[in-house]
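Q: This is the structure I want to talk about, given as structure tokens.
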Amino acid sequence: MRPVSIIGVGCTKFGERWDDSLRDLVVETGVAAIEDSGVTGEEIDALYVGNMSGGRFVEQEHIGALIADYAGLSRLHIPSTRVEAACASGGLALRQAFLAVASGYCDIVIAAGVEKMTDVSSGVAADALAAAADREWECFFGATFPALYAMMARLHMRRFGTTRDQLSLVAVKNHHHGCLNPISQYQTEITVEDVLCSPMVADPLHILDCSPITDGAAALVLAPAEIAKKYSDTPIRILASAQASDTLALHDRRDLTTLDATVHAGRSAFQQAGLTPPQIDLAEVHDCFTIAEILAIEDLGFVPKGSGGKAVEDGMTALSGALPVNTSGGLKACGHPVGATGIKQAYEIALQLRGEAGKRQVDEAEFGLAHNVGGSGGTAIVHIFSR
Amino acid sequence: MTSKAPRFWRCIPQRYNLIGTHCHNCGEYYFPPRTLCPNCRRDAKIEDYKFKGTGKVVTYTTIYNATEDFDRMTPYSLAIIQLDEGPRLTGQVVAAPEEMRIGMRVKPVFRILGKEGERGIIYYGTKFVPAEEEIR
Ligand SMILES: [Zn+2]
Chain A
366 MRPVSIIGVG CTKFGERWDD SLRDLVVETG VAAIEDSGVT GEEIDALYVG NMSGGRFVEQ
426 EHIGALIADY AGLSRLHIPS TRVEAACASG GLALRQAFLA VASGYCDIVI AAGVEKMTDV
486 SSGVAADALA AAADREWECF FGATFPALYA MMARLHMRRF GTTRDQLSLV AVKNHHHGCL
546 NPISQYQTEI TVEDVLCSPM VADPLHILDC SPITDGAAAL VLAPAEIAKK YSDTPIRILA
606 SAQASDTLAL HDRRDLTTLD ATVHAGRSAF QQAGLTPPQI DLAEVHDCFT IAEILAIEDL
666 GFVPKGSGGK AVEDGMTALS GALPVNTSGG LKACGHPVGA TGIKQAYEIA LQLRGEAGKR
726 QVDEAEFGLA HNVGGSGGTA IVHIFSR
Chain B
23 MTSKAPRFWR CIPQRYNLIG THCHNCGEYY FPPRTLCPNC RRDAKIEDYK FKGTGKVVTY
83 TTIYNATEDF DRMTPYSLAI IQLDEGPRLT GQVVAAPEEM RIGMRVKPVF RILGKEGERG
143 IIYYGTKFVP AEEEIR
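As you go down the protein sequences, you meet chains A and B in turn. Under the working numbering, the first residue of the first sequence is numbered 366, with each subsequent residue one higher. Under the working numbering, the first residue of the second sequence is numbered 23, with each subsequent residue one higher.
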């Protein structure tokens, strides 16, 4: 295995992009990433694209060929592969691209992610997303995604005394970060009261505890570290790439307040990077619901089990805190185009480590972590990056 | 949309009668049924097992905003239930939201679960209701 670097990044504005199709989003982000890296089409050895459900959201499968085609690369016949791991599809695309370069099999590889979610009604979108859970043994009985996380939240509150306000504070913080990020879907501050007054979705989770339906795409260009400087003055090293699986259904998990897939992927990533959690300067974690951010910072080892809510309340995860979490606004405020999210997380970390994060820049950021989850925790992917 | 009927028929024994599996090698019970035992894998001795259906609520939620198939039933309560034999499952509890609590005992009832759109098939399965503590 050889070291791998990110030499170019691109990301579209996230939001309800009524005027743009899936292919428009792909072209916009692909052009941005390729221009940022300065590579030519002829140099690209492979493409990997994360996409959860083109079939349900835009009635289009075969997304691999489509993106190569619309990125203007069809005449070069570059192999292009779509990867799927529900909401972790983007993180998995990055990992596949990383493995292709690290193994020495490829040199220049694009890792992209895209989801176009607003071409269907919110009911159809919710049902498409529910396919990330166990269709036969969860959804069949009326489970929804918010309901699964609501059940984790309820038990976490009971066991550890996590409060309703602590959940709200995750959303308040991430909306604040979103206001500082030009690509963020939401650019408005919210209060704890706003969260509590928003409609209930699945008790105890309100609509402002949930990540939104979003259109968006993001892309990264990867290269062997030894030639990265040829393309970029500020290549970002991928120090670790880890992936873990768990039961598809929440009810089969060892513990309903821990995502064991996150624990395993996190441990493996820290081991690969030769780092410990306190050495990380910032993290993008998978806050599909407010409770998910609390679970993530616990399961990744940043705080002891049960104290995630307290850490948020104490400001540890704020932009000015010891570990800024979700400086992009997270899935909650920046938006959650499911297949693109894992790539957008790496995009945000890369900007921060390059010192290009503008108003939300974390001072002297050296090490960053990205954590992407599929479903209710059936897949977790963790990457660690350095300057 | 084409009917998902065969998908429903296929699981009727399990969903109507709580038929799961039991591994005689390690003693573990599985619901939903598994034909491969994660404990024993190749050494597993799997047989069908009819669960009593009694158990307790491990955690729960009340759903106010559902997918299209369940929208007309909101609000409804959903729980992860630990069956007395050990395994956990996800199911609806027919009880007012304020009645729900972690640790409450439940027993199974046979009910309509949902309807596939306006003219689609009606499908049935097991729901749960609060049970008196006298059971144990
Ligand atoms: Zn066994």
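Note that CB positions come from ideal geometry on N, CA and C, so glycine has one too.
#1: Using a Cβ cut-off of 8 Å (strictly closer), state whether Ile130/B contacts chain A.
#2: Select from the stretch 72 to 95 of chain B all residues with a C-beta closer than 9 Å to any C-beta belonging to chain A, and list them in chain order.
#3: Pairs of beta-carbons, one from the stretch 647 to 655 of chain A and one from the stretch 443 to 451 of chain A, closer than 8 Å: are there three or more?
#4: Distance check for Glu120/B and Leu587/A, CA to CA, integer angstroms please.
#5: Val566/A CB to nearest chain B CB: under 8 Å?
#6: Could you have a look at Ile34/B and say whether DSSP puts it in helix, strand or coil?
#7: Between the Cα of Ala638/A and the Cα atoms of Leu438/A, Leu734/A, Ala493/A, Glu408/A, which residue gives the shortest distance?
#8: Determine, using beta-carbon pairs with one atom in the stretch 743 to 752 of chain A and one in the stretch 618 to 628 of chain A, whether at least three such pairs fall under 8 Å.
#9: For Tyr146/B, return the contacting residues in chain A, with the cut-off set at a CB-CB distance below 9 Å.
#10: Quick one: does the C-beta of Cys59/B sit closer than 7 Å to a heavy atom of ligand 1?
#11: How is Asn416/A classed by DSSP in three states: helix, strand or coil?
#12: With DSSP as the reference, identify every bridge partner of Ser606/A, one or two as the case may be.
#13: Could you check if Ile157/B is buried or exposed, using at least 16 other CB atoms within 10 Å of its CB as the buried criterion?
#14: Can you list the residues of chain B that Phe463/A reaches, using a CB-CB cut of under 9 Å?
#15: Should Cys575/A be counted as a contact of ligand 1 given a C-beta to heavy atom distance under 7 Å?
#16: Cutting at 6 Å between CB atoms, please list the residues of its own chain near Ala628/A, excluding the five before and the five after it.
#17: Is it true that the CB of Arg725/A sits closer than 8 Å to the CB of Leu534/A?
#18: With three or more C-beta pairs closer than 8 Å as the rule, is the stretch 682 to 690 of chain A touching the stretch 419 to 432 of chain A?
#19: So with CB distances below 9 Å, who are the chain B contacts of Thr655/A?
#20: Using a Cβ-Cβ cutoff of 9 Å, what residues of the stretch 466 to 485 of chain A are near chain C? List them in chain order.
#21: Under the DSSP definition of a beta bridge, which residues are partnered with Ser99/B?
#22: Nearest-angstrom Cα distance between Lys78/B and Ile601/A?
#23: What does a CB cutoff of less than 6 Å around Gly406/A pick up in its chain, not counting 5 residues either side in sequence?
#24: Going by beta-carbon coordinates alone, are Gly707/A and Leu494/A separated by less than 8 Å?
#25: Identify the continuous alpha helix (DSSP H) that holds Asn539/A and give its terminal residues.
#26: Express the C-alpha separation of Ser751/A and Ser633/A in angstroms, rounding to a whole number.
#27: Could you round the C-beta distance between Ala477/A and Ala593/A to whole angstroms and report it? I think they count as a contact, below 8 Å.
#28: Taking 7 Å as the cut-off, is the CB of Cys544/A close to at least one heavy atom of ligand 1?
#29: For the alpha helix (DSSP H) that Ala715/A lies in, which residues bound it at each end?
#30: Looking only at its chain, what residues have a beta carbon closer than 6 Å to the beta carbon of Tyr712/A, apart from the 5 residues adjacent to it on each side?
#31: Return no unless some Cβ of chain A is closer than 8 Å to the Cβ of Pro54/B.
#32: Could you check whether the stretch 536 to 543 of chain A touches the stretch 105 to 124 of chain B, counting it as contact only if at least three pairs of C-beta atoms, one from each stretch, sit closer than 8 Å?
#33: Starting from the beta carbon of Met516/A, find every residue of chain B whose beta carbon is closer than 7 Å, and list them in chain order.
#34: Against chain A, which members of the stretch 30 to 44 of chain B pass a CB distance test of less than 7 Å?
#35: Would you call the CB atoms of Ser549/A and Phe379/A closer than 8 Å?
#36: Where does Arg367/A land, buried or exposed, given buried means 16+ other C-beta within 10 angstroms?
A: In terms of the structure at hand:
#1: Here residue 130/B corresponds to residue number 108 of the second sequence, with the count starting at 1. The sequence shown places Pro at residue 130/B, rather than the Ile named in the question. Not closer than 8 Å to any Cβ of chain A, the Cβ of Pro130/B fails to qualify, so no.
#2: Val80, Thr81, Tyr82, Thr83, Thr84, Ile85, Tyr86, Asn87, Ala88, Thr89, Glu90, Asp91, Phe92, Asp93, Met95
#3: no
#4: Indexing the first sequence from 1 puts residue 587/A at position 222. Indexing the second sequence from 1 puts residue 120/B at position 98. Cα-Cα distance, rounded: 53 Å.
#5: By 1-based counting over the first sequence, the position of residue 566/A is 201. So, interface residue.
#6: What you label residue 34/B is simply residue 12 of the second sequence in a count that begins at 1. Helix.
#7: Position 273 of the first sequence, counted from the first residue, corresponds to residue 638/A. Comparing Cα positions, the closest option is Leu734/A.
#8: yes
#9: Along the second sequence, read from residue 1 onward, the residue named residue 146/B stands at position 124. Those within 9 Å of Tyr146/B in chain A number zero; the least Cβ separation is about 11 Å.
#10: Translated into positions along the second sequence, residue 59/B becomes position 37. Cys59/B Cβ: within cutoff of ligand 1.
#11: As a first step, residue 416/A is located in the first sequence; it is residue number 51 there, counting from the start. Coil, per DSSP.
#12: Sequence index remark: in the first sequence, residue 606/A carries index 241 (1-based). Its beta-bridge partners are His748/A.
#13: As a position in the second sequence, residue 157/B is number 135, starting the count at 1. For Ile157/B, the pLDDT reaches just 48, beneath the cut-off of 50, and the residue's location in the model is therefore unreliable, although a value from the coordinates is still provided. Exposed.
#14: By one-based count along the first sequence, residue 463/A stands at place 98. None at all; the shortest Cβ gap to chain B is about 29 Å.
#15: Residue 575/A sits at position 210 when you count from the first residue of the first sequence. No, since every heavy atom of ligand 1 falls outside the 7 Å radius drawn around the Cβ of Cys575/A.
#16: As a first step, residue 628/A is located in the first sequence; it is residue number 263 there, counting from the start. Here residue 628/A is Val; the residue named in the question, Ala, does not match the sequence. For Val628/A, where only same-chain residues beyond five positions count, the Cβ hits under 6 Å are Asp664.
#17: Within the first sequence, residue 534/A is the residue found at index 169, counting from 1. Within the first sequence, residue 725/A is the residue found at index 360, counting from 1. Not a contact, by the Cβ cut-off of 8 Å.
#18: no
#19: Sequence index remark: in the first sequence, residue 655/A carries index 290 (1-based). Result: empty, since nearest Cβ-Cβ is about 14 Å, beyond 9 Å.
#20: Among the protein chains of the structure shown, namely A and B, there is no chain C.
#21: One-based indexing of the second sequence puts residue 99/B at position 77. Paired residues: Thr84/B, Val115/B.
#22: Against the second sequence, residue 78/B aligns to sequence position 56. Against the first sequence, residue 601/A aligns to sequence position 236. Approximately 50 Å, taken between the alpha carbons.
#23: Indexing the first sequence from 1 puts residue 406/A at position 41. Contacts found: Leu438, Leu441.
#24: The residue given as residue 707/A occupies position 342 in the first sequence. The residue given as residue 494/A occupies position 129 in the first sequence. No, the Cβ-Cβ distance between Gly707/A and Leu494/A is not below 8 Å.
#25: Counted from its first residue, the first sequence places residue 539/A at position 174. It spans 529 to 544 - the alpha helix (DSSP H) in which Asn539/A sits, taken as one unbroken run.
#26: The count along the first sequence starts at 1 and reaches residue 633/A at position 268. The count along the first sequence starts at 1 and reaches residue 751/A at position 386. Approximately 17 Å between the Cα atoms of the pair.
#27: Within the first sequence, the letter at position 112 stands for residue 477/A. Within the first sequence, the letter at position 228 stands for residue 593/A. In fact, because the Cβ distance is near 19 Å, the residues do not count as touching under 8 Å.
#28: What you label residue 544/A is simply residue 179 of the first sequence in a count that begins at 1. Result no, Cβ not under 7 Å from ligand 1.
#29: For the purposes of this step, residue 715/A is identified with residue 350 of the first sequence, where counting begins at 1. Note, Ala715/A: alpha helix (DSSP H), 703 to 719.
#30: In the first sequence, counting from the first residue as 1, residue 712/A sits at position 347. Closer than 6 Å at Cβ, skipping near neighbours: Val374, Cys376, Ala583.
#31: The residue given as residue 54/B occupies position 32 in the second sequence. It does; some Cβ of chain A falls within 8 Å.
#32: no
#33: Residue mapping note: residue 516/A aligns to position 151 of the first sequence, counting from 1. Going along chain B in sequence order, the residues near Met516/A (Cβ under 7 Å) are Thr81, Tyr82, Thr83, Ile102.
#34: Cys33
#35: Along the first sequence, one-based indexing puts residue 549/A at 184. Along the first sequence, one-based indexing puts residue 379/A at 14. For Ser549/A and Phe379/A, yes; Cβs fall inside 8 Å.
#36: Translated into the one-based positions of the first sequence, residue 367/A becomes position 2. It is exposed - the Cβ of Arg367/A has fewer than 16 other Cβ atoms within 10 Å.
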